[in-house]
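J.: First, the structure itself, so that you have it in front of you.
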Amino acid sequence: MIKKINIALMFLVFTSFVFGGNFILKKDAKSVATGITICFKNKKFLEKKHSLPAVSDFVGHLFQVKEKKFDDKFKLLGAEVQFYDYPFIPFDDYYTNDYFGFVRIKVLPENTDRALILASQLIEEVKNFNNPDFVIATKSTFGSNIMRNKAKERAKEEIWKTYFPDGFVSLPDYNFSPKLSENDLREFLKEYLDTSNILVSIYGNFNEERVKSVLKDRFYSKNKTKIVNNLPVAKVKNHNKVINLNSKQAYVYLIYPVKDNLPVDEYAKLKLLTANASDKIAFQIREKEGLAYSIGCYLTYKGGHTFFVAYCGTNPEKANYVAKKISGMVKKLMLSPVVFEEENLTKIKNSIVFSDTLKTLPNVNKSFFNALYTLTGNFAYNKNVLDKAVKKARINRLCGRDYLDINNYLNIILK
Numbered sequence: 001m002i003k004k005i006n007i008a009l010m011f012l013v014f015t016s017f018v019f020g021g022n023f024i025l026k027k028d029a030k031s032v033a034t035g036i037t038i039c040f041k042n043k044k045f046l047e048k049k050h051s052l053p054a055v056s057d058f059v060g061h062l063f064q065v066k067e068k069k070f071d072d073k074f075k076l077l078g079a080e081v082q083f084y085d086y087p088f089i090p091f092d093d094y095y096t097n098d099y100f101g102f103v104r105i106k107v108l109p110e111n112t113d114r115a116l117i118l119a120s121q122l123i124e125e126v127k128n129f130n131n132p133d134f135v136i137a138t139k140s141t142f143g144s145n146i147m148r149n150k151a152k153e154r155a156k157e158e159i160w161k162t163y164f165p166d167g168f169v170s171l172p173d174y175n176f177s178p179k180l181s182e183n184d185l186r187e188f189l190k191e192y193l194d195t196s197n198i199l200v201s202i203y204g205n206f207n208e209e210r211v212k213s214v215l216k217d218r219f220y221s222k223n224k225t226k227i228v229n230n231l232p233v234a235k236v237k238n239h240n241k242v243i244n245l246n247s248k249q250a251y252v253y254l255i256y257p258v259k260d261n262l263p264v265d266e267y268a269k270l271k272l273l274t275a276n277a278s279d280k281i282a283f284q285i286r287e288k289e290g291l292a293y294s295i296g297c298y299l300t301y302k303g304g305h306t307f308f309v310a311y312c313g314t315n316p317e318k319a320n321y322v323a324k325k326i327s328g329m330v331k332k333l334m335l336s337p338v339v340f341e342e343e344n345l346t347k348i349k350n351s352i353v354f355s356d357t358l359k360t361l362p363n364v365n366k367s368f369f370n371a372l373y374t375l376t377g378n379f380a381y382n383k384n385v386l387d388k389a390v391k392k393a394r395i396n397r398l399c400g401r402d403y404l405d406i407n408n409y410l411n412i413i414l415k
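Below is the structure:
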């Protein structure tokens with residue numbers, strides 16, 4: 001049974017259908033590779049339901065353990081398999097996502113259906129893990145969690161704890177994995193990896209009839225789980241948090257919630273404002289004062305809401321000064337209207353569009369963003385629509401306070 005989906009999504013997905021679960025297909029006859037993203041939805045919701053914070057991170061390690069059994073079979077299909085169930089970069093939704101875990105596959109077009117069959121077999125293997133698998137994944141998770149006890153990872157954890165106190169934190173402490181029981185994990189996997197909780201997104205050149213047949217045989221479900229994205233945002237009025245890590249590097253983060261439900265043309269203007277702020281702050285702190293090795297501003301999507309983030313990697317001895325400097329610059333940039341000269345506006349627009357183009361060049365990334373947009377409805381993941389809005393934006397003066405809650409920010413210093 002084929003169903004139409006909303007018009008906004010049609011910009012991204014011209015061939016789509018749903019039977020019980022979610023399946024998004026986009027054909028591109030010129031593609032030399034097909035991208036597949038298999039999403040396991042409701043990540044945080046199910047973790048909370050089962051009282052297992054960050055257990056889906058463990059599942060990512062379990063997938064890697066079980067995939068070794070299929071490695072040669074995937075290679076025979078010309079396929080590459082990736083797992084990003086556990087966080088690598090705290091704020092980048094390209095690599096990590098707080099709403100679903102996923103498996104990404106890049107494969108030769110003629111083998112798309114066979115790659116889907118292998119993926120379904122891999123999922124079944126993970127569901128039916130044994131004790132040796134569990135032990136290996138536990139050791140892997142334990143080592144990974146120790147690495148997370150560093151500045152960037154602690155920053156993400158602090159954001160979740162501060163803005164979403166009723167939600168589950170993404171990251172466990174490094175004592176988490178030994179406490180997980182096999183029975184608890186099996187109960188979680190029954191729901192997390194059930195076909196009713198899976199969305200499959202495919203982009204590229206493939207045999208549509210064969211792919212649909214595999215999806216119907218192996219990923220079909222009469223039921224479809226509710227997608228849980230939004231968490232209430234706690235009011236955090238000018239909250240400053242210092243975390244002492246005794247590190248050789250320090251990080252400073254300043255986070256503002258963005259007003260909800262911005263139309264795409266207004267979101268595009270906020271992208272321009274963010275890029276302008278990033279350039280101004282980086283020039284002052286890095287180029288003029290030499291106090292940053294990484295610095296900038298960006299928008300991120302967490303808990304069903306968008307946030308403006310200014311960040312800086314710096315010397316621990318200078319962290320407090322840099323935090324105060326960035327805070328003052330952000331406040332000035334947000335409270336005062338920004339006047340864009342036409343040449344500078346064109347440069348910023350081109351930079352945004354070019355960056356988005358690079359992110360979506362591989363078909364496996366296109367399939368990933370299609371899934372993100374379907375699950376969240378966030379324009380940030382609909383690159384075609386957003387980039388058109390960015391190109392069309394006609395503005396001379398823009399004020400950040402029209403978009404941000406300037407009295408509700410979190411300032412994190414990790415040093």
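Following full-length UniProt numbering, the numbering of the sequence shown begins with 1 at its first residue and continues without gaps. Ideal placement from N, C-alpha and C gives every residue a C-beta, glycine not left out.
1) When burial is assigned at 16 or more other CB atoms within 10 Å of the CB, is Lys415 buried or exposed?
2) With the cut-off set at 7 Å, would you say Asn408 and Lys302 are in Cβ contact?
3) If the criterion is Cβ atoms closer than 7 Å, does the pair Thr162 and Leu410 meet it?
4) Could you check the C-alpha separation between Tyr267 and Asp356 for me, to the nearest Å?
5) Over the uninterrupted alpha helix (DSSP H) stretch that includes Lys332, give me the two end residues.
6) Taking buried to mean at least 16 other C-beta atoms within 10 Å of its own C-beta, is Phe379 buried or exposed?
7) On a CA-only basis, which of Arg394, Thr360 and Ile395 is nearest Asn382? Give me that one, please.
8) Taking just the CA atoms, how far does Thr374 sit from Ile202?
9) Could you name the residues of the same chain whose beta carbon sits closer than 6 Å to that of Thr112, not counting the 5 residues immediately before and after it, in chain order?
10) Would you list the residues sitting across from Leu104 in a DSSP beta bridge?
11) Does any heavy atom of the ligand ATP sit closer than 6 Å to the C-beta of Ile38?
12) Does DSSP classify Thr314 as helix, strand or coil?
13) In its own chain, which residues sit with a C-beta less than 7 Å from the C-beta of Asn197, not counting the 5 before and 5 after it?
14) For a quick check, are the C-beta atoms of Phe188 and Leu231 less than 7 Å apart?
15) Quick check: what's the CA-CA separation for Met10 versus Lys392?
16) Can you check whether the CB of Leu254 is closer than 7 Å to the CB of Val330?
17) How is Ser367 classed by DSSP in three states: helix, strand or coil?
18) Identify whether His305 lies in helix, strand or coil by the three-state DSSP scheme.
19) Look at the alpha carbon of Lys66 and the alpha carbon of Val126, and state the distance between them as a whole number of angstroms.
20) By the three-class DSSP mapping on this structure, what secondary structure does Lys226 have?
21) Quick check on the DSSP output: what are the complete alpha helix (DSSP H) runs of length 4 or more inside the region 344 to 401, in order along the chain?
22) Measuring only the C-alpha atoms, how far is Asp166 from His305?
23) By the three-class DSSP mapping on this structure, what secondary structure does His50 have?
24) Scan the region 238 to 296 and note each continuous alpha helix (DSSP H) run of 4 residues or more that stays entirely inside, going in chain order.
25) Under 8 Å by Cβ, that's how I've got Phe58 and Leu180 pegged, so tell me the actual separation to the nearest angstrom.
26) State yes or no: is the C-beta of Thr314 within less than 7 Å of the C-beta of Ala292?
27) Using a Cβ-Cβ cut-off of 8 Å (strictly less than) and excluding sequence neighbours within five positions of Ser294, which residues of its own chain qualify?
28) Leaving out the 5 sequence neighbours to the left and right, which residues in its chain are closer than 6 Å to Arg114 when beta-carbon positions are compared?
29) Looking at Arg397: is its Cβ nearer than 7 Å to the Cβ of Pro337?
30) Taking all protein chains shown into account, do 16 or more other C-beta atoms lie within 10 angstroms of the C-beta of Val252, making it buried, or fewer, making it exposed?
T.: The short version:
1) If you number the sequence shown from 1, residue 415 lands on position 415. Looking at its Cβ environment, which holds 16 or more other Cβ atoms inside 10 Å, Lys415 is buried.
2) For this step, residue 408 is matched to residue 408 along the sequence shown. For this step, residue 302 is matched to residue 302 along the sequence shown. Contact flag unset, no.
3) Working through the sequence shown from its first residue, we reach residue 162 at position 162. Working through the sequence shown from its first residue, we reach residue 410 at position 410. Against a cut-off of 7 Å, the Cβ pair of Leu410 and Thr162 comes out as a contact.
4) Mapped onto the sequence shown, residue 267 falls at position 267. Mapped onto the sequence shown, residue 356 falls at position 356. Each residue's Cα considered, the two are about 15 Å apart.
5) By 1-based counting over the sequence shown, the position of residue 332 is 332. Start and end: Ala319 to Leu335.
6) The count along the sequence shown starts at 1 and reaches residue 379 at position 379. Flag for Phe379 reads buried.
7) The count along the sequence shown starts at 1 and reaches residue 382 at position 382. The candidate whose alpha carbon is nearest that of Asn382 is Thr360.
8) For this step, residue 202 is matched to residue 202 along the sequence shown. For this step, residue 374 is matched to residue 374 along the sequence shown. Their Cα atoms are separated by approximately 13 Å.
9) What you label residue 112 is simply residue 112 of the sequence shown in a count that begins at 1. The residues are Thr34, Phe206 and Val211.
10) As a working mapping, residue 104 is identified with position 104 in the sequence shown. For clarity, residue 104 is Arg in the given sequence; the question names Leu instead. Partner(s): Thr37 and Gln82.
11) Absence of the ligand ATP from the depicted structure is noted, as is the absence of any ligand whatsoever, leaving it without description.
12) The count along the sequence shown starts at 1 and reaches residue 314 at position 314. The answer is strand: DSSP assigns Thr314 an E or B state.
13) Residue numbering aside, residue 197 sits at position 197 when the sequence shown is read from its first letter. Around Asn197: Phe40, Lys41, Asn42, Glu191 and Thr225.
14) Translated into the one-based positions of the sequence shown, residue 188 becomes position 188. Translated into the one-based positions of the sequence shown, residue 231 becomes position 231. Their beta carbons are not under 7 Å apart, which means Phe188 does not touch Leu231 by this criterion.
15) Your numbering for residue 10 matches position 10 in the sequence shown. Your numbering for residue 392 matches position 392 in the sequence shown. In this prediction, Met10 has a pLDDT of 36, which is less than 50 and means its spatial position is unreliable; what the coordinates show is noted afterwards. The straight-line gap from Cα to Cα measures roughly 20 Å.
16) In the sequence shown, counting from the first residue as 1, residue 330 sits at position 330. In the sequence shown, counting from the first residue as 1, residue 254 sits at position 254. Taking 7 Å as the Cβ cut-off, Val330 and Leu254 qualify as a contacting pair.
17) Residue numbering aside, residue 367 sits at position 367 when the sequence shown is read from its first letter. In the structure shown, Ser367 sits in a helix (DSSP, three-state: H, G or I).
18) Locating residue 305 in the sequence shown gives position 305, where the first residue counts as 1. Strand.
19) In the sequence shown, residue 66 corresponds to position 66, counting from 1. In the sequence shown, residue 126 corresponds to position 126, counting from 1. So the alpha carbons of these two residues sit roughly 6 Å apart.
20) Position 226 of the sequence shown, counted from the first residue, corresponds to residue 226. DSSP places Lys226 in coil when its eight states are reduced to three.
21) 363 to 376 and 383 to 392
22) The count along the sequence shown starts at 1 and reaches residue 166 at position 166. The count along the sequence shown starts at 1 and reaches residue 305 at position 305. If you take the alpha carbons of Asp166 and His305, they lie about 15 Å apart.
23) As a working mapping, residue 50 is identified with position 50 in the sequence shown. Coil at His50, not helix or strand.
24) 264 to 282
25) Indexing the sequence shown from 1 puts residue 58 at position 58. Indexing the sequence shown from 1 puts residue 180 at position 180. Between Leu180 and Phe58 the Cβ distance is about 6 Å, and since that is below 8 Å, they are a contact.
26) Walking along the sequence shown from the start, residue 314 turns up at place 314. Walking along the sequence shown from the start, residue 292 turns up at place 292. Yes, they are a contact pair.
27) Here residue 294 corresponds to residue number 294 of the sequence shown, with the count starting at 1. Correct list, in chain order: Tyr311, Cys312 and Gly313.
28) Here residue 114 refers to the residue found at position 114 when the sequence shown is read from its first residue. Once the five neighbours on either side are set aside, the close Cβ partners of Arg114 are Leu77.
29) To locate residue 397, count along the sequence shown from 1; it is residue 397. To locate residue 337, count along the sequence shown from 1; it is residue 337. Cβ distance < 7 Å, so Arg397 and Pro337 count as in contact.
30) Residue mapping note: residue 252 aligns to position 252 of the sequence shown, counting from 1. Label assigned to Val252: buried.
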